[in-house]
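Undergrad: Each residue of the sequence shown is one higher than the one before, counting from 49 in the numbering used here. Structure incoming, see below.
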Amino acid sequence: MTDSKYFTTTKKGEIFELKSELNNDKKEKKKEAVKKVIASMTVGKDVSALFPDVVNCMQTDNLELKKLVYLYLMNYAKSQPDMAIMAVNTFVKDCEDPNPLIRALAVRTMGCIRVDKITEYLCEPLRKCLKDEDPYVRKTAAVCVAKLYDINAALVEDQGFLDQLKDLLSDSNPMVVANAVAALSEINEASPSGQPLVEMNAQTINKLLTALNECTEWGQVFILDSLANYSPKDDREAQSICERITPRLAHANAAVVLSAVKVLMKLMEMLQSESDFVGTLTKKLAPPLVTLLSSEPEVQYVALRNINLIVQKRPDILKHEMKVFFVKYNDPIYVKLEKLDIMIRLASQANIAQVLSELKEYATEVDVDFVRKAVRAIGRCAIKVEPSAERCVSTLLDLIQTKVNYVVQEAIVVIKDIFRKYPNKYESIISTLCENLDTLDEPEARASMIWIIGEYAERIDNADELLESFLEGFHDENTQVQLQLLTAIVKLFLKRPTDTQELVQQVLSLATQDSDNPDLRDRGFIYWRLLSTDPAAAKEVVLAEKPLISEETDLLEPTLLDELICHISSLASVYHKPPTAFVEGRAAGARKSLPARSNSNEDSTQRTTPSQPHPQVILAQDSLIGDLLSMDIGGPTIVPPAPPAQAGLGLDLLGGGLDGILGSNDATASTTAPVVSQSTTGLLGDIFGFNQGPTSYVTPKVNWLPAEKGKGFDIWGTFSRKNGQISMDMTFTNKAMQPMGGFAIQLNKNSFGLTPAAPLQVPAPLSPGASIETSVILSTAGAVQRMEPLNNLQVAIKNNIDVFYFACLVPMNVYFTEDGQLDKRVFLSTWKDIPAQNEVQYTLNGIMLTADQVVQKMQQNNVFTIAKRNVEGQDMLYQSLKLTNNVWVLNELKIQPGNPDVTLSLKSRSVEVAPGVFHAYNAILHS
Numbered sequence: 049m050t051d052s053k054y055f056t057t058t059k060k061g062e063i064f065e066l067k068s069e070l071n072n073d074k075k076e077k078k079k080e081a082v083k084k085v086i087a088s089m090t091v092g093k094d095v096s097a098l099f100p101d102v103v104n105c106m107q108t109d110n111l112e113l114k115k116l117v118y119l120y121l122m123n124y125a126k127s128q129p130d131m132a133i134m135a136v137n138t139f140v141k142d143c144e145d146p147n148p149l150i151r152a153l154a155v156r157t158m159g160c161i162r163v164d165k166i167t168e169y170l171c172e173p174l175r176k177c178l179k180d181e182d183p184y185v186r187k188t189a190a191v192c193v194a195k196l197y198d199i200n201a202a203l204v205e206d207q208g209f210l211d212q213l214k215d216l217l218s219d220s221n222p223m224v225v226a227n228a229v230a231a232l233s234e235i236n237e238a239s240p241s242g243q244p245l246v247e248m249n250a251q252t253i254n255k256l257l258t259a260l261n262e263c264t265e266w267g268q269v270f271i272l273d274s275l276a277n278y279s280p281k282d283d284r285e286a287q288s289i290c291e292r293i294t295p296r297l298a299h300a301n302a303a304v305v306l307s308a309v310k311v312l313m314k315l316m317e318m319l320q321s322e323s324d325f326v327g328t329l330t331k332k333l334a335p336p337l338v339t340l341l342s343s344e345p346e347v348q349y350v351a352l353r354n355i356n357l358i359v360q361k362r363p364d365i366l367k368h369e370m371k372v373f374f375v376k377y378n379d380p381i382y383v384k385l386e387k388l389d390i391m392i393r394l395a396s397q398a399n400i401a402q403v404l405s406e407l408k409e410y411a412t413e414v415d416v417d418f419v420r421k422a423v424r425a426i427g428r429c430a431i432k433v434e435p436s437a438e439r440c441v442s443t444l445l446d447l448i449q450t451k452v453n454y455v456v457q458e459a460i461v462v463i464k465d466i467f468r469k470y471p472n473k474y475e476s477i478i479s480t481l482c483e484n485l486d487t488l489d490e491p492e493a494r495a496s497m498i499w500i501i502g503e504y505a506e507r508i509d510n511a512d513e514l515l516e517s518f519l520e521g522f523h524d525e526n527t528q529v530q531l532q533l534l535t536a537i538v539k540l541f542l543k544r545p546t547d548t549q550e551l552v553q554q555v556l557s558l559a560t561q562d563s564d565n566p567d568l569r570d571r572g573f574i575y576w577r578l579l580s581t582d583p584a585a586a587k588e589v590v591l592a593e594k595p596l597i598s599e600e601t602d603l604l605e606p607t608l609l610d611e612l613i614c615h616i617s618s619l620a621s622v623y624h625k626p627p628t629a630f631v632e633g634r635a636a637g638a639r640k641s642l643p644a645r646s647n648s649n650e651d652s653t654q655r656t657t658p659s660q661p662h663p664q665v666i667l668a669q670d671s672l673i674g675d676l677l678s679m680d681i682g683g684p685t686i687v688p689p690a691p692p693a694q695a696g697l698g699l700d701l702l703g704g705g706l707d708g709i710l711g712s713n714d715a716t717a718s719t720t721a722p723v724v725s726q727s728t729t730g731l732l733g734d735i736f737g738f739n740q741g742p743t744s745y746v747t748p749k750v751n752w753l754p755a756e757k758g759k760g761f762d763i764w765g766t767f768s769r770k771n772g773q774i775s776m777d778m779t780f781t782n783k784a785m786q787p788m789g790g791f792a793i794q795l796n797k798n799s800f801g802l803t804p805a806a807p808l809q810v811p812a813p814l815s816p817g818a819s820i821e822t823s824v825i826l827s828t829a830g831a832v833q834r835m836e837p838l839n840n841l842q843v844a845i846k847n848n849i850d851v852f853y854f855a856c857l858v859p860m861n862v863y864f865t866e867d868g869q870l871d872k873r874v875f876l877s878t879w880k881d882i883p884a885q886n887e888v889q890y891t892l893n894g895i896m897l898t899a900d901q902v903v904q905k906m907q908q909n910n911v912f913t914i915a916k917r918n919v920e921g922q923d924m925l926y927q928s929l930k931l932t933n934n935v936w937v938l939n940e941l942k943i944q945p946g947n948p949d950v951t952l953s954l955k956s957r958s959v960e961v962a963p964g965v966f967h968a969y970n971a972i973l974h975s
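If you want it as structure tokens, here you go:
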């Protein structure tokens with residue numbers, strides 16, 4: 049008979065009957081009664097009244113009955129903490145039972161009962177179980193330490209359980225070692241400091257590798273993840289570890305395989321890339337990755353997302369395995385799209401023929417999303433593999449001839465990019481594209497076609513007629529299309545001014561007078577002023593030579609890729625986002641990165657990029673020490689690291705955040721050079737200029753919420769730092785027809801934990817047409833969540849009309865604290881401790897200040913000068929600052945008298961703050 053009978057009782061007084069059965073002298077009756085209680089608990093009935101009677105059943109030798117009682121206790125102990133104390137003596141007694149299964153069961157249950165009173169009694173039994181003679185008890189106790197740490201971290205540290213857990217890493221039983229590693233990993237993630245609990249050395253690693261071969265698959269995963277955090281001392285040790293891990297690649301469990309791949313990928317960075325060992329290892333990595341693609345679709349997808357990262361880092365691993373990524377007819381769409389992406393990454397001159405053949409076949413499928421991706425992939429092949437470009441274009445023309453609407457539109461989008469990559473090479477096909485003009489209904493395709501017409505207007509006889517046809521429904525077009533149309537007609541006018549003057553006047557009028565889109569209107573005014581004041585300059589700007597399109601526009605940024613390689617086999621590698629982007633409240637913020645390659649012939653401080661000039665001078669470390677500590681050591685100068693490519697850093701004080709505030713969707717940003725007329729420059733100066741106050745600078749107020757978006761509620765605001773406090777200063781204007789009152793403010797989670805320290809105070813209802821100044825003092829004790837960009841702040845302000853949401857950027861200087869001055873020796877030791885890869889360089893343009901003026905200005909803004917010296921006529925300043933989240937930033941400025949360009953080198957353990965600090969320097973020194 050099945051256990052279903054326990055769920056079907058209909059007797060009256062059920063609790064009473066169960067109570068009497070639980071107190072029955074017969075063991076079988078007791079067991080039956082406990083099963084009924086568990087059944088009732090399972091379906092949601094409240095049987096907590098039976099707590100004392102169930103606890104009495106703990107005194108038994110029957111293992112099955114004991115398990116059931118423990119299950120009941122785990123469920124009800126939190127709601128009945130006082131009653132749960134009754135079970136403590138039995139737990140303690142069971143922890144010394146001759147049967148190891150009962151000892152393990154007792155310590156496991158005590159760890160699962162999250163009641164402080166019971167936790168106090170758990171310490172002594174747990175200590176004994178960690179030293180138990182039976183490995184099953186020891187491995188259970190190891191996991192219990194992690195559970196106890198989650199309940200009471202201080203207790204675990206005070207009682208010395210962490211040391212006992214570390215001792216278990218040397219245990220003779222591999223399962224005990226695996227569980228100890230798992231528990232330490234769990235504790236390490238939950239630890240607020242995020243510092244490693246165990247110092248991995250060659251001896252510890254050897255013990256882990258020994259246990260690796262004998263423990264269960266999930267134990268192997270935990271051990272491999274720990275090995276991934278170890279950096280071997282030399283190539284020989286790295287090779288030895290690789291050799292002992294390589295057999296895990298043949299494991300049946302996909303998690304073990306991916307964890308092994310992660311360790312090997314990390315260790316390969318430390319080995320000579322040209323060595324035979326790395327070549328052999330590269331060949332060994334391909335088969336297990338290919339094998340993963342024969343699993344069920346869900347596993348395939350996870351494997352493909354990880355392979356996508358691996359291919360970007362080391363394409364050689366799978367360069368001969370193209371065929372396994374060919375799409376099968378019964379693959380789910382998410383697997384098909386991922387395979388397609390990897391095919392493009394692996395495409396080369398050697399395999400392009402079979403890739404194009406496959407892609408052309410995919411373009412005839414029935415799934416629209418897949419077809420679109422396949423057509424776009426053909427265009428990416430043309431851009432990536434130059435010798436095959438002609439063949440790719442021919443394939444795209446064949447697809448256009450099919451006259452399938454979405455295929456034609458996608459083909460036009462990618463042909464635009466091919467024109468960018470290969471100028472003056474394939475323009476003969478423009479006439480074919482123009483034949484399909486009437487069928488285009490998607491914004492991206494229409495915008496691409498308009499770009500092509502504008503770019504090659506001199507080769508299209510009826511270009512003015514074609515563009516005029518788009519102009520008829522200008523206000524109904526998508527913003528992307530409107531922006532492209534405006535630029536294309538201006539290009540046409542500059543190429544054929546005599547017969548298109550009326551057309552350009554019409555589009556400029558539509559863009560500036562009849563449009564309420566700020567992006568479109570501003571671009572229209574800029575073009576209008578350029579054309580009316582200096583047509584020659586307009587020609588140089590609008591018809592400027594465009595940079596060639598990148599071969600791989602969708603590759604992950606190198607530092608992010610390195611971090612994700614360290615997270616292979618985790619959710620981060622599936623999302624292609626670092627853990628900090630989606631995990632809250634744990635030590636996900638401990639950033640990981642691949643070790644520096646050992647085969648570099650030069651030190652990392654001596655690498656330069658060919659396209660970048662060498663900065664003039666930088667001091668050797670010994671020379672720096674000699675200056676800061678007033679010791680005359682001297683030393684040669686060496687070449688500094690090349691500054692990373694930073695586009696337009698001298699222009700954008702908001703770090704690229706303006707688009708996020710205004711909701712910009714400028715599709716032509718990559719094809720139109722930036723244009724600023726004289727009057728516009730003045731306007732930008734009014735908006736973004738910085739006024740130097742008596743102590744620290746404050747940005748002028750920016751329109752955070754325009755009245756048209758705020759139902760008449762208009763907000764201008766800025767941020768300032770006064771007396772060690774951050775203030776959010778705002779001007780409220782009522783442009784509605786009714787009074788406004790009942791104001792309140794709330795901030796979303798943000799990178800620095802900003803939160804209102806007091807309610808928003810507006811003394812009286814805001815009458816129509818009236819304005820009022822108000823400030824909110826902010827604290828940095830709120831919830832923290834990484835934002836993009838880092839200084840982005842999402843705000844909600846409520847009044848009697850509605851709740852209004854907007855985003856703004858907080859200038860980084862308001863986070864500079866007053867206690868940011870380091871001692872000289874501390875500055876030196878910190879500078880040396882921060883890795884070389886955490887150094888970033890920028891150039892500050894147009895700084896017409898002496899070194900002493902720079903010192904004074906930065907001091908007023910909580911940036912403190914530690915030392916100053918002059919080397920070969922060049923002033924060197926060494927400065928420190930501290931952010932409110934306790935992140936320190938160390939800076940070196942090189943100032944050449946008479947030269948308006950200042951080199952700024954920043955070093956920080958959290959290098960993400962560097963762009964914000966640079967923008968703050970730029971703003972302060974220009975104020």
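Glycine is no exception: its CB is placed at the ideal position from the N, C-alpha and C atoms.
By a C-beta neighbour count over all protein chains shown, 10 Å radius and 16 as the cutoff for buried, is residue 355 buried or exposed?
TA: With 16 or more other Cβ atoms within 10 Å, it is buried.
Undergrad: Are the CB atoms of residue 221 and residue 186 within a distance shorter than 9 Å?
TA: Yes, the pair counts as a contact, with Cβ atoms nearer than the cut-off.
Undergrad: Short of 6 Å in beta carbon distance, which residues of its chain neighbour residue 832, apart from the five on each side in sequence? Order them along the chain.
TA: Correct list, in chain order: 801.
Undergrad: Kindly give me the distance between the Cβ atoms of residue 970 and residue 892, rounded to whole angstroms, as I take these residues to be in contact under 8 Å.
TA: So it is a contact: roughly 6 Å between Cβ atoms.
Undergrad: Along the chain, where does the alpha helix (DSSP H) containing residue 783 start, and where does it finish?
TA: Counting along the chain, residue 783 falls outside any alpha helix (DSSP H), and DSSP gives it neither H nor E.
Undergrad: Using 8 Å as the cut-off, can you tell me whether the segment 772 to 788 makes contact with the segment 868 to 887, which would need three or more C-beta pairs spanning the two stretches below that distance?
TA: No: the two stretches stay apart, fewer than three of their Cβ pairs being nearer than 8 Å.
Undergrad: So what does residue 762 bridge to, in DSSP terms?
TA: In DSSP, residue 762 forms a bridge with 781.
Undergrad: With C-beta atoms as the reference, is residue 799 less than 9 Å away from residue 847?
TA: Going by C-beta atoms, residue 799 is not nearer than 9 Å to residue 847.
Undergrad: Residue 306 lies in the alpha helix (DSSP H); which residues open and close that run?
TA: From DSSP, the alpha helix (DSSP H) with residue 306 extends over 302 to 316.
Undergrad: In or out: residue 835 buried (at least 16 other Cβ within 10 Å) or exposed?
TA: It is buried - the Cβ of residue 835 has at least 16 other Cβ atoms within 10 Å.
Undergrad: Is it buried or exposed, residue 157, if we count other Cβ atoms within 10 angstroms and call 16 or more buried?
TA: By the neighbour-count rule (16 or more Cβ atoms within 10 Å), residue 157 is buried.
Undergrad: Cutting at 7 Å between CB atoms, please list the residues of its own chain near residue 867, excluding the five before and the five after it.
TA: Taken in chain order, the residues that qualify are 930.
Undergrad: Leaving out five residues before and five after residue 303 in sequence, what residues of the same chain have Cβ atoms less than 8 Å from its Cβ?
TA: Result list for residue 303: 265, 266, 269 and 617, in chain order.
Undergrad: Helix, strand or coil: which one does DSSP assign to residue 831?
TA: Coil.
Undergrad: Straight-line CA distance for residue 904 to residue 972?
TA: Approximately 11 Å between the Cα atoms of the pair.
Undergrad: Looking at C-alpha atoms only, which residue of 166, 227, 167 and 201 is the closest neighbour of residue 189?
TA: With distances taken between Cα atoms, residue 189 lies closest to 227.
Undergrad: Cα-Cα, which of 163, 138, 164 and 165 is closest to residue 153?
TA: The shortest Cα separation from residue 153 among 163, 138, 164 and 165 belongs to 138.
Undergrad: I need the straight-line Cα distance from residue 359 to residue 894, nearest angstrom please.
TA: If I take the Cα positions, the gap works out to 43 Å.
Undergrad: Taking residue 356 as part of the beta strand (DSSP E), name the residues at either end of that continuous run.
TA: Taken as a continuous stretch (DSSP letters only), residue 356 belongs to no beta strand (DSSP E), being part of the alpha helix (DSSP H) at 345 to 361.
Undergrad: In terms of residue numbering, what span does the alpha helix (DSSP H) encompassing residue 564 cover?
TA: No alpha helix (DSSP H) holds residue 564; DSSP gives it neither H nor E.
Undergrad: Let's see if you can read the secondary structure: which residues bound the alpha helix (DSSP H) around residue 528?
TA: Where residue 528 is concerned, the enclosing alpha helix (DSSP H) stretches over 527 to 543.
Undergrad: Can you tell me the Cα-Cα spacing of residue 963 and residue 365, whole angstroms?
TA: So the alpha carbons of these two residues sit roughly 35 Å apart.
Undergrad: Report buried or exposed for residue 829, applying the criterion of at least 16 other Cβ atoms within 10 angstroms of its Cβ.
TA: Exposed, since its Cβ has fewer than 16 Cβ neighbours within 10 Å.
Undergrad: Starting from residue 917, trace the beta strand (DSSP E) both ways and give me its first and last residue.
TA: Start and end: 912 to 919.
Undergrad: In chain order, what residues of the same chain have a beta carbon less than 7 Å from the beta carbon of residue 675, not counting five sequence neighbours either side?
TA: The predicted position of residue 675 is uncertain, since its pLDDT is 38 and thus under 50; no value can be drawn from it.
Undergrad: Pull up the distance between the alpha-carbon of residue 340 and that of residue 310, whole angstroms please.
TA: Near 15 Å, if we compare the C-alpha coordinates of residue 310 and residue 340.
Undergrad: Spatial neighbours of residue 587 within its chain, please: C-beta separation below 7 Å, excluding the five flanking residues on both sides.
TA: Counting only Cβ-Cβ distances below 7 Å, and skipping sequence neighbours, we find 542.
Undergrad: Look up residue 649 in the DSSP assignment and say whether it is helix, strand or coil.
TA: In this prediction, residue 649 scores a pLDDT of 40, lower than 50, which makes its location untrustworthy; the coordinate-derived value is nonetheless stated afterwards. Coil at residue 649, not helix or strand.
Undergrad: So, with DSSP's three-state summary, where would you put residue 143?
TA: Here residue 143 sits in coil by DSSP.
Undergrad: Please classify residue 721 as buried or exposed, where buried requires at least 16 other C-beta atoms within 10 Å of its C-beta.
TA: Here the model assigns residue 721 a pLDDT of 32, short of 50, so the residue's position is not dependable and the matter cannot be decided.
Undergrad: Under the assumption that residue 131 contacts residue 100 (Cβ atoms under 8 Å), give the Cβ distance between them as a whole number of angstroms.
TA: That belief holds up - the Cβ atoms of residue 131 and residue 100 are roughly 7 Å apart, short of 8 Å.
Undergrad: Have a look at 166, 102 and 537 and flag the residue whose alpha-carbon is nearest the alpha-carbon of residue 516.
TA: For residue 516, the nearest C-alpha among the options comes from 537.
Undergrad: If you measure from the CB of residue 160, is any heavy atom of the ligand FAD nearer than 8 Å?
TA: What this structure holds is no ligand at all, so the ligand FAD is not there to describe.
Undergrad: Do you know whose CA, among 447, 406 and 465, lies nearest residue 432's CA?
TA: Among 447, 406 and 465, the Cα nearest to that of residue 432 belongs to 465.
Undergrad: Compare the Cα-Cα distances from residue 568 to each of 215, 529, 357 and 585 and report the closest residue.
TA: Considering only alpha carbons, the answer is 529.
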